[in-house]
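Okay, so here's the structure we're looking at.
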Amino acid sequence: MRARRTRRTARLLLAAAATAALCALGLMAPASAAGTPPPGANDWSCKPDSAHPQPVVLVNGTFKTSYENWLTLSPALANAGYCVFSFDYGDLETAPIPDSAAELRDFVNAVLGATGAKKADIVGHSQGGMMPRYYVKFLGGATKVDDLVGIVPSNHGTTNPLALVAGATLCPSCVDQTAGSGLLQKLNSAPETPVGPDYTAIATKYDEVVLPYTSSFLSGPASYVTNVLLQDRCPLDLTEHDQAPKSPLVQQWVLNALGRSGPADPAFGPRCVSAG
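Read in order, the letters of the sequence shown are residues 22 to 297 in my numbering.
Below is the structure:
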């Protein structure tokens, strides 16, 4: 009995330590904000126009609420003329990736039903940029997604040991996002980028969560895959992982990807402004 209590206490202490570390990195959001859409999102009467024919579904990252994650980008997209939708999923995004991808499938179907659109665009941060690829590849999303834009997405996982610590205590999706995981091996088996959507992956060399930052990048034909390193165009930009969805520079790349046929234009010249 004493041994079981000792093991339970150790697990609780490890969970507390992981949670404290995640909070220190800015990766946890207040649970009280869960379920509240960010400004500009979830007007279910919104109808896409000819200039913005696809509704945009925003998918937040691990331990983030939709409200906090998209506080800046959601109203910017709405002000640009897009119908914007967002949701909280997977117990603060800790559920296994396949389970969260099924939630995304159902949410996209609801958005398409409400708006009358045939396809949606998806913009996701961190796990939210990678997890939709499971929906695309295995759950029928290839015919329903026009653009998939990942902001510092965990496409090939991370070598950050914090992912393993969190995963061992409270976060199955953190295990899935660990470099070399079974989930990622399945997801990144050929074809890594199935035909259907256009893919844009946006990375920063100052990413402290997805390590190395090149793990965000995708393989595929240039006709429908664009990899963006923020510092290639703006060498002084200091954007880090957590603040990337709020970066004015990232916003420009997202709008470029959504506003044209195909993925983001590799030759695009944004105005260099930093969130760092």
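Note that beta-carbon positions come from the ideal geometry of N, C-alpha and C, so glycine has one too.
Closest Cα partner of residue i within the set the options
i	options	result
residue 275	151, 95 and 156	95
residue 243	64, 122, 234 and 221	221
residue 153	218, 183 and 131	218
residue 162	142, 176 and 195	142
residue 70	199, 138, 92 and 180	138
residue 116	63, 101 and 195	195
residue 272	183, 290, 283 and 108	290
residue 264	202, 93 and 235	93
residue 241	209, 279, 62 and 234	209
residue 230	147, 292, 286 and 106	147
residue 237	74, 284 and 200	200
residue 151	213, 129 and 101	213
residue 74	101, 84 and 292	101
residue 155	204, 129 and 181	204
residue 248	261, 284 and 206	284
Run of the beta strand (DSSP E) containing residue i, from where it starts to where it stops
i	result
residue 288	Residue 288 -> no beta strand (DSSP E), and no H or E assigned at all.
residue 166	166-172
residue 220	219-224
Distance, residue j Cα to residue i Cα
i	j	result
residue 224	residue 160	26 Å
residue 72	residue 126	25 Å
residue 118	residue 178	12 Å
residue 250	residue 82	19 Å
residue 164	residue 269	31 Å
residue 173	residue 259	13 Å
residue 211	residue 198	18 Å
residue 294	residue 254	11 Å
residue 176	residue 277	21 Å
residue 91	residue 79	8 Å
residue 49	residue 235	At residue 49 the pLDDT is 45, less than 50, meaning the model places this residue with poor confidence; the figure from the coordinates comes in the next sentence. Answer to the nearest angstrom: the Cα atoms are 24 Å apart.
residue 89	residue 114	14 Å
residue 191	residue 226	28 Å
residue 228	residue 202	20 Å
residue 149	residue 84	11 Å
residue 266	residue 282	22 Å
residue 288	residue 280	15 Å
residue 129	residue 233	31 Å
residue 292	residue 106	27 Å
residue 261	residue 252	11 Å
residue 110	residue 183	22 Å
residue 67	residue 206	38 Å
Collapsed DSSP secondary structure at residue i in the structure displayed
i	result
residue 201	coil
residue 106	strand
residue 138	coil
residue 248	strand
residue 98	helix
residue 122	helix
residue 116	coil
residue 144	strand
residue 253	helix
residue 127	helix
residue 243	coil
residue 62	strand
Rounded Cβ spacing between residue i and residue j (contact assumed at less than 8 Å)
i	j	result
residue 215	residue 158	5 Å
residue 170	residue 132	The Cβ separation is near 16 Å, so there is no contact.
residue 239	residue 246	5 Å
residue 140	residue 167	4 Å
residue 104	residue 76	4 Å
residue 121	residue 108	The Cβ separation is near 11 Å, so there is no contact.
residue 61	residue 99	3 Å
residue 65	residue 135	5 Å
Unbroken alpha helix (DSSP H) run spanning residue i, endpoints
i	result
residue 77	That residue, residue 77, is in no alpha helix (DSSP H); its beta strand (DSSP E) goes 77-80.
residue 210	Counting along the chain, residue 210 falls outside any alpha helix (DSSP H), and DSSP gives it neither H nor E.
residue 231	That residue, residue 231, is in no alpha helix (DSSP H); it is neither H nor E in DSSP.
residue 91	Residue 91 -> no alpha helix (DSSP H), and no H or E assigned at all.
residue 4	Look at the range of the chain in this structure, 22 to 297, and you will see that residue 4 is not part of it.
C-beta neighbour in chain C for residue i, strict 7 Å
i	result
residue 294	You won't find chain C in this structure, because it holds only one protein chain.
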